[in-house]
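Everything on this sheet refers to the single structure shown next.
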DNA sequence: ATTCGATTTTAACTTAGGTTAAAATTATTG
DNA sequence: CAATAATTTTAACCTAAGTTAAAATCGAAT
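Protein chains in written order, with my numbering: chain U, 208 to 402; chain D, 208 to 402.
Below is the structure:
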């Protein structure tokens, strides 16, 4: 399967984008590779692209004004969209950095081209809605995890949801994602072993 | 101004729904009043309506399986949409209760009618996308507040964003929304006075 | 295999929220 | 206005995360 086939399949699953619909978009998709550490989008830049991860992992993080500490907001991995949702959706400057955590490969489309597709076809407008809905679900799951779960529960949940990530990225990135400090994650891990 | 005028104005501001667009929808909007404590949507029900609050306040809350404790996820107030986003968007059973916290009055539209509008008009499909985007922003702000702010900072932020709510609803509802216990909010309030 | 750097854990101490129950305050209503 | 209910604060004690720095471990590269 080519990269475009993988994408076409994913879009069909996600938004019932069929062959003809996808054909409309084929000219717009571009390919790019990221070395570990390279940025998909940076602070204060408007996110103009919607990416689809062929391979790799990205993180979106916020830099605390006071402490300079980095806090991971989202992880994105293989066969998922990578985008700075709010910035992309509203075309306003981004508060975050989105960075490749390993060597990665994506297909991406420019917002202007996506808007052309929205104009051209109801199906693509529908896709646009689904992107926003997906963004919502991702954020909502995160909100719920903070509101309903302890850090320990969030950690166990993350293992369940993304066992893959743990082989790839360092634990201090995980603790940042969980909203706790490194030593706290160590203590949690120690506690869990005893269970 | 009639209720419908208020709604038309809000939709125009939100999604550039003009007079003709709105006229398409006019037949579908219905009116309803809620006594304090009545439910907009209950746990396990699919949320089939999108509401617009003419007057009043609603809360969406989750009941903890283990403790039976209620945790407030969202507040909705005057001139805002009230809806159980995820359930409405995906038409799946809701994990939450959405309840009127004071006597309230809304206009609402059925999902089937909204879908008719999506079919009929690009502008309404656009509106559908904006609803999802708005849902995302609401949730994202909430995620960020948990990830970047202490309970004290969240409390101060809520005062700034919704000074109105504090006259209307009890503090224990606020503490639930902030993700802390009653006594903690009391301590925070005491701490703040000394500043 | 050894060294250097990165990552993870540990330790010791501090801070703040959780828990439970009682007291104080505020609202409501007969 | 008194009584009752609802809400908020306080107290006392517990638990877990924050903080800082040092130690231990792991990995990559020479």
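Using N, Cα and C, we set each Cβ at its ideal position, and we do this for glycine too. A quick note: this is a predicted structure, and the numbers were derived from the prediction, not measured.
Please state whether the Cβ-Cβ distance between residue i and residue j is less than 8 Å.
{"i": "residue 288(U)", "j": "residue 375(U)", "result": "no"}
{"i": "residue 267(U)", "j": "residue 305(U)", "result": "yes"}
{"i": "residue 235(U)", "j": "residue 317(U)", "result": "yes"}
{"i": "residue 395(D)", "j": "residue 358(D)", "result": "yes"}
{"i": "residue 331(U)", "j": "residue 337(U)", "result": "no"}
{"i": "residue 372(D)", "j": "residue 284(D)", "result": "yes"}
{"i": "residue 343(D)", "j": "residue 222(D)", "result": "no"}
{"i": "residue 298(D)", "j": "residue 253(D)", "result": "yes"}
{"i": "residue 258(D)", "j": "residue 313(D)", "result": "yes"}
{"i": "residue 219(D)", "j": "residue 227(D)", "result": "no"}
{"i": "residue 339(U)", "j": "residue 340(D)", "result": "yes"}
{"i": "residue 392(D)", "j": "residue 327(D)", "result": "no"}
Say whether chain D places a C-beta atom closer than 8 Å to the C-beta of residue i.
{"i": "residue 271(U)", "result": "yes"}
{"i": "residue 340(U)", "result": "yes"}
{"i": "residue 290(U)", "result": "no"}
Are any of the Cβ atoms in chain U nearer than 8 Å to that of residue i?
{"i": "residue 335(D)", "result": "yes"}
{"i": "residue 386(D)", "result": "yes"}
{"i": "residue 330(D)", "result": "no"}
{"i": "residue 278(D)", "result": "yes"}
For the beta strand (DSSP E) containing residue i, list its first residue and its last residue.
{"i": "residue 397(U)", "result": "Taken as a continuous stretch (DSSP letters only), residue 397(U) belongs to no beta strand (DSSP E), being part of the alpha helix (DSSP H) at 389 to 400."}
{"i": "residue 435(U)", "result": "Limits of chain U in this structure are 208 at one end and 402 at the other, which puts residue 435(U) out of reach."}
{"i": "residue 294(D)", "result": "Unbroken run through residue 294(D) is the alpha helix (DSSP H), 292 to 297; no beta strand (DSSP E)."}
{"i": "residue 219(D)", "result": "Taken as a continuous stretch (DSSP letters only), residue 219(D) belongs to no beta strand (DSSP E), being part of the alpha helix (DSSP H) at 210 to 222."}
{"i": "residue 266(D)", "result": "264 to 270"}
{"i": "residue 305(U)", "result": "304 to 307"}
{"i": "residue 277(D)", "result": "277 to 284"}
Relative to the alpha-carbon of residue i, which residue among the options has its alpha-carbon at the smallest distance?
{"i": "residue 282(D)", "options": "298(D), 357(D) and 260(D)", "result": "260(D)"}
{"i": "residue 241(U)", "options": "326(U), 315(U), 319(U) and 359(U)", "result": "315(U)"}
{"i": "residue 290(U)", "options": "246(U), 393(U) and 354(U)", "result": "246(U)"}
{"i": "residue 279(U)", "options": "303(U), 286(U), 214(U) and 367(U)", "result": "303(U)"}
{"i": "residue 229(D)", "options": "286(D), 321(D) and 277(D)", "result": "321(D)"}
{"i": "residue 296(U)", "options": "309(U), 215(U), 312(U) and 319(U)", "result": "319(U)"}
{"i": "residue 213(D)", "options": "231(D), 257(D), 253(D) and 262(D)", "result": "262(D)"}
{"i": "residue 380(U)", "options": "307(U), 367(U) and 347(U)", "result": "307(U)"}
{"i": "residue 271(D)", "options": "392(U), 361(U), 391(U) and 355(U)", "result": "355(U)"}
{"i": "residue 294(U)", "options": "348(U), 313(U), 250(U) and 340(U)", "result": "250(U)"}
{"i": "residue 397(U)", "options": "327(U), 309(U), 362(U) and 273(U)", "result": "362(U)"}
{"i": "residue 256(U)", "options": "238(U), 226(U), 275(U) and 225(U)", "result": "238(U)"}
{"i": "residue 277(U)", "options": "339(U), 392(U) and 387(U)", "result": "387(U)"}
{"i": "residue 385(D)", "options": "340(U), 367(U) and 353(U)", "result": "353(U)"}
{"i": "residue 181(D)", "options": "393(D), 391(D), 392(D) and 383(D)", "result": "Here chain D comprises residues numbered 208 to 402, so residue 181(D) is not present and cannot be evaluated."}
{"i": "residue 377(U)", "options": "328(U), 364(U), 309(U) and 340(U)", "result": "309(U)"}
{"i": "residue 217(U)", "options": "329(U), 274(U), 341(U) and 286(U)", "result": "286(U)"}
{"i": "residue 209(U)", "options": "233(U), 348(U), 366(U) and 227(U)", "result": "233(U)"}
{"i": "residue 347(U)", "options": "292(D), 364(D) and 274(D)", "result": "292(D)"}
{"i": "residue 300(U)", "options": "248(U), 275(U), 365(U) and 360(U)", "result": "248(U)"}
Below 7 Å on C-beta distance, what does residue i contact in chain D?
{"i": "residue 344(U)", "result": "293"}
{"i": "residue 249(U)", "result": "Under the 7 Å cutoff, chain D gives no residues; its nearest Cβ is about 18 Å from residue 249(U)."}
{"i": "residue 349(U)", "result": "350"}
What are the boundary residues of the alpha helix (DSSP H) that residue i is part of?
{"i": "residue 352(D)", "result": "329 to 355"}
{"i": "residue 379(D)", "result": "378 to 385"}
{"i": "residue 362(D)", "result": "358 to 368"}
{"i": "residue 374(D)", "result": "372 to 375"}
{"i": "residue 245(D)", "result": "Premise fails: residue 245(D) is in no alpha helix (DSSP H) and is neither H nor E."}
{"i": "residue 164(U)", "result": "The question about residue 164(U) has no answer, for chain U in this structure spans 208 to 402."}
Below 8 Å on C-beta distance, what does residue i contact in chain U?
{"i": "residue 355(D)", "result": "269, 271 and 278"}
{"i": "residue 296(D)", "result": "340 and 343"}
Give a single yes or no on whether residue i has its beta carbon closer than 7 Å to a heavy atom of the ligand COA.
{"i": "residue 276(D)", "result": "By its list of ligands, the structure shown contains no ligand whatsoever, and the ligand COA lies outside what it can speak to."}
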